[in-house]
Amino acid sequence: DSWQKLVFSHDKTSFPLRGKHSTIACSACHKRPANSKEPVQYVGLETHCYSCHEDAHAGQFAIDGRTHCSSCHTSESWKKLIFDHDTQSDFPLTGKHIGVPCEKCHPTVEINDKPVVKYIPIGTRCIDCHST
Numbered sequence: 018d019s020w021q022k023l024v025f026s027h028d029k030t031s032f033p034l035r036g037k038h039s040t041i042a043c044s045a046c047h048k049r050p051a052n053s054k055e056p057v058q059y060v061g062l063e064t065h066c067y068s069c070h071e072d073a074h075a076g077q078f079a080i081d082g083r084t085h086c087s088s089c090h091t092s093e094s095w096k097k098l099i100f101d102h103d104t105q106s107d108f109p110l111t112g113k114h115i116g117v118p119c120e121k122c123h124p125t126v127e128i129n130d131k132p133v134v135k136y137i138p139i140g141t142r143c144i145d146c147h148s149t
């Protein structure tokens with residue numbers, strides 16, 4: 018019976034399962050290499066978000082070809098951002114800018130034929146948004 022049930026704590030690995038990662042089947046990540054009779058791979062898997070997930074920002078935040086999602090997101094709560102506009106952007110929100118809805122400056126645009134929220138580049142001069 019012990020062969021039927023495997024007890025393993027992912028918390029003791031370099032990739033503890035948090036958020037939605039804790040609900041997926043082991044086989045979603047741990048697979049036999051394609052067209053191979055090699056055993057299922059358990060050690061040495063990529064742990065970067067882009068290894069499994071499409072870049073929802075179409076490369077806008079890529080540095081050296083890689084997007085570092087943890088600058089703004091956590092795996093516990095993907096939609097609740099840890100981004101701070103005042104310290105992590107070139108345009109701190111002050112005065113009336115504090116109350117401006119995000120989509121006024123960050124519209125949805127098409128990048129590579131997909132709708133994406135435009136984050137960068139965004140004009141930061143007064144005339145980019147205001148007329149005289």
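149 is the number that my numbering gives the last residue of the sequence shown; the numbers go up by one with no jumps.
Glycine residues also receive a C-beta, built at the ideal position from the N, C-alpha and C atoms.
- Listed as beta-bridge partners of R83 by DSSP are I80.
- Nearest in C-alpha terms to L110, of all of T141, G61, K22, Y59, is T141.
- For K131, no alpha helix (DSSP H) run applies; the uninterrupted beta strand (DSSP E) run containing it begins and ends at 131-134, by DSSP.
- Linking K48 to C69 through their CA atoms gives a straight-line distance of about 13 Å.
- The Cβ atoms of H85 and L98 do not sit closer than 8 Å to each other.
- Inter-residue distance for S53 and L62 is about 17 Å (C-alpha atoms, whole angstroms).
- Of the residues F78, G112, S94, Y67, the one whose Cα lies closest to the Cα of Q105 is F78.
- By the neighbour-count definition (other C-beta atoms within 10 Å, threshold 16), A42 is an exposed residue.
- In the structure shown, T40 falls within a helical segment according to DSSP collapsed to helix, strand and coil.
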